[in-house]
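Worksheet: one structure, shown below.
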Amino acid sequence: MSTVAQPRKPWTPSQIVLTVLGAAVSGVFLAPFAWGLFTSLKSETEAVEVPAHWLPKEWTGQAWKALFESGNITNWFVNSLVVSVCVTSVVLLVSALAGYGFARTEFRGKNVLLSLVMAGLMISPAVLGVPLFTTVQQMGMVDTYWGMILPQCAPAAMVYILYKFFQGIPRELEEAAFIDGAGRWRVFFTIVLPLSRPSLAAVGIFTFIASWNNFLWPYMVTNNPDLMTMPNGIATVMNSYGIQWAQLMAGGLMAGLPLIVVFVFFQRQIVAGVAHTGLAGQ
Amino acid sequence: MATSAHTVAAPARARTAAGSATLRRNQGFQHGGWFVAPFLLLFAVFVIWPLLRGVYLSFTDANITGEGASFVGLDNYREALDDPLVWDSLGHSAYFTLLVVPCITVLAFLLAMLAHHIERGKWLWRLCFFAPFLLPSTVAANLWQWLFNPGTGMIDHVFGLETPWLTDKSYAMLAIVITTLWWTVGFSFLLYLAALQGIPDHLYEAARLDGANAWHRMVHITLPMLRTITGLVIALQVLASLQIFDQAVVMMDFLPGPEGSTRTFVQYTLEEGFTSYRVGYASAISVIFFVIIAAVALARMWLLRNVKETTR
Amino acid sequence: MGRPDLNRRQLLGGLGGLFVASSFGFAALGTGADALASGADTRVRYWNLFSGGDGSNMIAMLDAFRKANPDIAVKDSTLQWGSPFYTKLAMAAAGNRAPDLGVMHLGRVTGFAPGRLLDPWDLGLLAKYGVREQDYNPTLWKRGVIDGKLYALPLDIHVQLCFYRKDVLKQAGLLGDDGRIVPVTSTDEWFDVLKEAKRATKKGLQTIGMWNADQNFQWWFFVAFYTQLGGTWFNADDTEVTFDTDKAVQVLQFLRRHVTDGYSDPGFGGLASAEQFINGSPFVWEGNWSVPVYSGAKLDYGATPLPPVFGRQATHAESHSFVLPHQSDRGGAANEAAHRLAAYVVQHARQWAAGGHIPAYTPTLSTAAYKKLDPQREYVSAMDHQATEPKVWFAGSTGILAQRVGPVVVSSTMGSAQPETAADRMKKALTQLLATKNPMDGKTAARGGAA
Chain U
0 MSTVAQPRKP
10 WTPSQIVLTV
20 LGAAVSGVFL
30 APFAWGLFTS
40 LKSETEAVEV
50 PAHWLPKEWT
60 GQAWKALFES
70 GNITNWFVNS
80 LVVSVCVTSV
90 VLLVSALAGY
100 GFARTEFRGK
110 NVLLSLVMAG
120 LMISPAVLGV
130 PLFTTVQQMG
140 MVDTYWGMIL
150 PQCAPAAMVY
160 ILYKFFQGIP
170 RELEEAAFID
180 GAGRWRVFFT
190 IVLPLSRPSL
200 AAVGIFTFIA
210 SWNNFLWPYM
220 VTNNPDLMTM
230 PNGIATVMNS
240 YGIQWAQLMA
250 GGLMAGLPLI
260 VVFVFFQRQI
270 VAGVAHTGLA
280 GQ
Chain X
0 MATSAHTVAA
10 PARARTAAGS
20 ATLRRNQGFQ
30 HGGWFVAPFL
40 LLFAVFVIWP
50 LLRGVYLSFT
60 DANITGEGAS
70 FVGLDNYREA
80 LDDPLVWDSL
90 GHSAYFTLLV
100 VPCITVLAFL
110 LAMLAHHIER
120 GKWLWRLCFF
130 APFLLPSTVA
140 ANLWQWLFNP
150 GTGMIDHVFG
160 LETPWLTDKS
170 YAMLAIVITT
180 LWWTVGFSFL
190 LYLAALQGIP
200 DHLYEAARLD
210 GANAWHRMVH
220 ITLPMLRTIT
230 GLVIALQVLA
240 SLQIFDQAVV
250 MMDFLPGPEG
260 STRTFVQYTL
270 EEGFTSYRVG
280 YASAISVIFF
290 VIIAAVALAR
300 MWLLRNVKET
310 TR
Chain S
0 MGRPDLNRRQ
10 LLGGLGGLFV
20 ASSFGFAALG
30 TGADALASGA
40 DTRVRYWNLF
50 SGGDGSNMIA
60 MLDAFRKANP
70 DIAVKDSTLQ
80 WGSPFYTKLA
90 MAAAGNRAPD
100 LGVMHLGRVT
110 GFAPGRLLDP
120 WDLGLLAKYG
130 VREQDYNPTL
140 WKRGVIDGKL
150 YALPLDIHVQ
160 LCFYRKDVLK
170 QAGLLGDDGR
180 IVPVTSTDEW
190 FDVLKEAKRA
200 TKKGLQTIGM
210 WNADQNFQWW
220 FFVAFYTQLG
230 GTWFNADDTE
240 VTFDTDKAVQ
250 VLQFLRRHVT
260 DGYSDPGFGG
270 LASAEQFING
280 SPFVWEGNWS
290 VPVYSGAKLD
300 YGATPLPPVF
310 GRQATHAESH
320 SFVLPHQSDR
330 GGAANEAAHR
340 LAAYVVQHAR
350 QWAAGGHIPA
360 YTPTLSTAAY
370 KKLDPQREYV
380 SAMDHQATEP
390 KVWFAGSTGI
400 LAQRVGPVVV
410 SSTMGSAQPE
420 TAADRMKKAL
430 TQLLATKNPM
440 DGKTAARGGA
450 A
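Chains as they are written, first to last, in numbering that gives the first Met the number 0: chain U, 0 to 281; chain X, 0 to 311; chain S, 0 to 450.
Listed below in structure tokens is the structure:
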């Protein structure tokens, strides 16, 4: 970070005010998490007790226990992991290749294709869900992993971000390698890719987050509860015992915590990734 | 190849070497079709084809089974223009957008200013404001559905209210907006934070030397420097908000909300497609929606170009 | 940062690669985590929409079936009730990935494209496992028959009830000698009852919970009272709307009056209706599926069909029924096991009756064990006074009809629309729906003379 050589400043009044303000706002942002966590540690009857109270009077892990005993949640976790990992790897590979192809090679119809890809930025499953579903249905991929994965693997935005990035790499680096007789593919894999690791990390992280949290498309394309991902399973399939808030909160935390823990460890990369992907939209 | 170059005279050799290097260089940058092929294949199958297919289906009376569709001309479009629910749901999505976008933009800016100016624990503020964005939409929605729950919910309890958040049509959309603010403001917050950190310090120092106070520095340096990012934040939010679906359906238990007041456009297309099984009609209204989204996106590009030309 | 340890880096890289590779392997198998660990002879995939008390009763019945038939593995999946369930069932059937057995509301069967999304039952197989037509109420059985074939095998009837707290009503002097609520035969009598009950109600509680904000409940109540008035929907051929707006206005005004007279608080117009009843509110109108909830909460309560305030008994009734979602290769062991499972559950529905539902398999009703259930025996008569939605493709639980018209009823009850306006809107919606073609066969609801 850029706070390198600055000596620690003393607690000025304005800093105290700002910090207190920051703490208060953070409290507001974190309160829903705390409410969810505490609810998950109550019994189902205590959870719906009036008036509402924050801390459980009797701490119990029964909601968490029931959650794991019903079995679905572990299935969904595995499914989410499989889908997100596959989507992320395919997107990274495919969009890095395409971004490089558009940035550094010449072929017929390149500009037309490039503008087509740009137009693709406006299309999402939310806009074209029904026809996309019938397409996937015709291919026999409803209720399969591939049906969930592949339609998430053509993100025009990621291609565009990497395209912009590759355009910024000095051509001289590649030219030198060409003169040494290296082929295009070797140059791509040994010179260009290592140089673009931060951008690839940004794209990868962003894709993973988006895919892990994706609800709409998996919701449309999976009918079989065994195949559902976390967000979808939690929202649509309830276990056989009704809306049980304690369990629902426990399930939600199970779905949300992995990314938050990852965020704590890889904060700098993720922040850079989000800023990068967002800013590339300019 | 290189050996033949050694045999010729020195000046010529230099020229040939340069020439063949250019040649190789150009070869290196040519014939890139294979690089883009995998992406284009996926793109064609899962983006372009469904778009074309949607346009085709919109002229038929196809149902969910995909059998026995016949051509009905413009009937679906005619029906859509007359269908009050098309306009209702479009209105709800637009209303949601109108509420969310300004709030998120202002809130994200304020949060970023706060996090930027506190000198200690920067990572902590970032974590707190951004963490909700890492939740799946459905989890965020469930969490707030529970917070808004009458009687047992914390919101009413903490603020001493008895507001029927989720059951009254004058509050339902507001509840969804509040949820959305909490859930997504972190993204725009990070964009603003990155932009704030990108403003060169010397601008502020120069201003300070000129005797500008904090307010002047903000109005004359910070805000103008953030103009581009603000445009971006607004554009991204408008496009995302128009496509609202997840929070609304989950918070309303997959129903269209009290008196149908939170039925969004995406929800209506899915209702027509997957509850009424009218894939042809659902395709027609999807196409209409696509045209609206595309118009917004194009308008933004056009605005951006104009702004760039005037500021040049 | 120090120089990264190369060995550790390689190890991590290797592990990551392995992880990615196994993810792809998993995806390629495409079967889902659960399918990897299953090894019974015949596997029946069974989708249902039962949660709450129903869910646990269904699981208990399934467990009993599993014990009796160890060679059949039942893989049951519960989906959230409402649109998602029907959407997913339809999509699965259309995508030829349907489960072997499903559950549906009887009212939805007509619109669910029998023959295309549903397969007919094999009556021979059902008889083999002990279920015959004569074991059923004839009208109920016929609701599942379309074009001469049985598409839905009813499991129960479930009705909307008026739950009342005996402890509160006793104080108010509203209990008869038999310990049941005094009979009510007109709207005036009903509001007198509410007036008395309100005096005996604790502060901070509403007098009656009636799900004012819930488009499903409000629609069901409307159907009940509209039927009490003798109202009709369409003519016999389903070509004309016969909806009577005057009668509709009467019903809507009746519902609205609960709010304007201060008996029902719109703030508790959702799930809180039930929570308030548990906390001591004297009345709640609700489905019979809440019986186990209130019994579990040890309340002293009773339940009758919705009061016949317009002179005639009628309460909204729907029916859970078993269906065979369409599979292009239906048949064989899984199909036979599906018949066997459905027949078993239908005949062993006493457990199900504990969940408040009235068993459709009539031999169960005459058993001594059923007659002992309380408050079930208080409302079993509701079976003879069913108010149902019209038998058209757009009707049925959470169907298009309910989705279009339900919010209109809510708007009147909540006071954002005048009853007259709402009734006109309802008629308009009905007219529009009647003219809409069923996307499954391209025909409107009109029967066109066919039997």
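The beta carbon of each residue, even a glycine, is placed where N, CA and C say it ideally should be. Keep in mind it's a predicted model, so treat the numbers as computed, not measured.
In this structure, the alpha-carbon of residue 125 (chain S) lies about 32 Å from that of residue 401 (chain S). Counting along the chain, residue 242 (chain X) sits inside no beta strand (DSSP E), nor does DSSP assign it H or E at all.
Cβ proximity to chain U below 9 Å picks out 94, 95, 96, 97 and 98 from the segment 94 to 117 of chain S. Under the three-state reduction of DSSP output, residue 320 (chain S) falls in the strand class.
Secondary structure at residue 70 (chain S): coil, using DSSP grouped into helix, strand and coil.
The beta carbon of residue 60 (chain U) does not come within 8 Å of any beta carbon belonging to chain X, so the residue lies off that interface. Per the C-alpha coordinates, the member of S:230, S:258 and S:254 positioned closest to residue 245 (chain S) is S:230. Comparing alpha-carbon positions, the option among U:218, U:195 and U:155 lying closest to residue 144 (chain U) turns out to be U:218. Where residue 334 (chain S) is concerned, the enclosing alpha helix (DSSP H) starts and stops at 331 to 346. If one requires a minimum length of 4 residues, the alpha helix (DSSP H) runs lying completely within the segment 203 to 227 of chain U are 215 to 220, in chain order. Secondary structure note for residue 191 (chain S): its alpha helix (DSSP H) is the uninterrupted segment 186 to 198. Straight-line spacing of the CA atoms in residue 14 (chain U) and residue 121 (chain X) works out to 13 Å. The beta carbons of residue 89 (chain X) and residue 289 (chain X) sit no closer together than 8 Å. In this structure residue 282 (chain S) touches residue 207 (chain S) by the C-beta definition: roughly 4 Å separates them, less than 8 Å. Counting of Cβ neighbours within 10 angstroms places residue 234 (chain S) among the exposed residues, the total staying below 16.
The Cβ atoms of residue 101 (chain S) and residue 358 (chain S) lie no closer than 8 Å to each other. At a cut-off of 8 Å between beta-carbon atoms, residue 104 (chain X) makes no contact with chain S. Runs of the alpha helix (DSSP H) lying entirely within the segment 252 to 278 of chain X, each at least 4 residues long, are 264 to 269 in chain order. Within the segment 254 to 274 of chain S, contact with chain X at the beta-carbon level (separation under 8 Å) is assigned to 265, 266, 267, 268, 269, 270, 271 and 274. Restricted to the segment 37 to 83 of chain X, not a single beta strand (DSSP E) segment is unbroken, complete and at least 3 residues in length. Rounded to whole angstroms, the separation of the alpha carbons of residue 62 (chain U) and residue 253 (chain U) is 12 Å. Less than 8 Å separates the beta-carbon of residue 38 (chain U) from that of residue 248 (chain U).
Remark: C-beta atoms of residue 393 (chain S) and residue 172 (chain S) do not approach each other more closely than 8 Å. Here the segment 265 to 273 of chain U does not lie against the segment 156 to 170 of chain X, with fewer than 3 beta-carbon pairs under 8 Å apart. The beta-carbon separation of residue 224 (chain U) and residue 78 (chain S), rounded to 7 Å, stays under the 8 Å limit for a contact. By the neighbour-count criterion, in which a residue is buried when 16 or more other Cβ atoms sit within 10 angstroms of its Cβ, residue 398 (chain S) is buried. Nearest Cα to residue 138 (chain U) within the set S:261, S:434 and S:93: S:93. Not flagged as an interface residue toward chain U: residue 205 (chain X), since no C-beta distance is shorter than 8 Å. With fewer than 16 neighbouring CB atoms inside 10 Å of its own CB, residue 131 (chain S) falls in the exposed class. Taken through DSSP and simplified to helix, strand or coil, residue 160 (chain X) comes out as coil. Under the criterion of beta carbons closer than 8 Å, residue 140 (chain X) and residue 178 (chain X) qualify as touching, at roughly 6 Å.
Counting along the chain, residue 16 (chain U) sits inside the alpha helix (DSSP H) bounded by residues 12 to 39. Per DSSP, residue 103 (chain S) is one residue of the beta strand (DSSP E) stretching across 100 to 104. Distance from the Cα of residue 284 (chain X) is smallest, within the candidate group U:127, U:57 and U:172, for U:127.
In this structure, the straight-line span from the alpha carbon of residue 191 (chain X) to that of residue 124 (chain U) is close to 28 Å. With a 10 Å radius around the Cβ and a threshold of 16 neighbouring Cβ atoms, residue 269 (chain S) comes out buried.
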